[in-house]
Amino acid sequence: MPLFDRETGAIDLVVQKAWERYDISRLLVSNWPTLGPKLRGKLHLVVGNADNFHLEEAVYLLRDTLKKLGSDATFEIAEGRDHMDLYQGDLSDRIAQDMYKVARPGK
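FYI, in this note's numbering the residues of the sequence shown are 524 to 630.
Quick look at the structure:
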């Protein structure tokens, strides 16, 4: 079912309610006392500022929400990168190195 009518812009409230359980920001805000400590030092988001699917817009909103919650999440906005070329360059290597550091601390 569509979330909204393309002609009128009217939002279907039943569909909106069904999607709430997938709303990351809403889940973080409503469960922050429990999730905040568990996520400390674990959220690192990377997005291109020219994403083909405009995902950077959602990342900006999530960044603002997490900042208000006092999260230490890090956000990297890759200038000129889109959904298809985000991993060009050293990003994949940096992610792998960071994951290795977490998986094998002290090595």
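No residue lacks a Cβ here, since even glycine has one placed at the ideal position from N, Cα and C.
Alpha carbon to alpha carbon, what distance is there between Glu-530 and Arg-627?
-> 54 Å
Three-way DSSP call (helix, strand, coil) for Leu-568 in this model | strand
On the premise that Leu-526 lies in contact with Val-538, defined as a C-beta separation below 8 Å, what is that separation, rounded to the nearest angstrom?
-> 5 Å
What residue does the beta strand (DSSP E) around Glu-599 start on, and which one ends it?
-> 597-601
Evaluate Glu-599 with the Cβ neighbour count: other Cβ atoms within 10 Å of its Cβ, from every protein chain shown; 16 or more gives buried, anything less gives exposed.
-> exposed
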